[in-house]
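Enquirer: Dropping the structure in here first, questions after.
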């Protein structure tokens with residue numbers, strides 16, 4: 011069987027479906043739910059910002075020149091700080 015899902019699959023779901031590699035799937039398999047979104051393309055507000063333990067701070071910094079300005083946040087406090095920074099840009 012060959013799968014063409016409309017969204018990335020979480021690794022446990024792919025395993026449950028018998029997906030073992032690219033020969034079984036046209037799409038992506040990710041280890042964490044947040045990796046299914048575009049959230050990974052933005053940096054956190056700062057090094058003290060809340061984040062999942064699996065979060066990579068390096069990836070957002072690496073791709074920051076290729077994406078629109080923005081931040082990914084996981085708390086109301088960080089969202090307010092991110093908004094202040096973005097609003098200061100005009």
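Residue numbers (this note's numbering): 11 to 100. No residue lacks a Cβ here, since even glycine has one placed at the ideal position from N, Cα and C. Just so we're clear, the structure is a prediction, and the values are computed from it rather than from any experiment.
#1: Classify residue 44 as helix, strand or coil using the three-state DSSP reduction.
#2: How would you label residue 82, buried or exposed, when you count the other beta carbons within 10 angstroms and need 16 or more for buried?
#3: Give me whichever residues DSSP pairs with residue 64 in a beta bridge.
#4: Which of the three DSSP states, helix, strand or coil, is assigned to residue 36?
#5: So, does the region 26 to 40 touch the region 58 to 76, judging by three or more C-beta pairs under 8 Å?
#6: Alpha carbon to alpha carbon, what distance is there between residue 59 and residue 89?
Expert: Taking the structure as given:
#1: Assignment of residue 44 by DSSP, reduced to helix, strand and coil, places it in the helix class.
#2: With 16 or more Cβ atoms within 10 Å of its Cβ, residue 82 is classed as buried.
#3: Per the DSSP secondary-structure output, residue 64 pairs with nothing in a beta bridge.
#4: Collapsing the DSSP output to three states places residue 36 in coil.
#5: Short answer: they don't touch.
#6: Spanning the two alpha carbons is a distance of roughly 10 Å.
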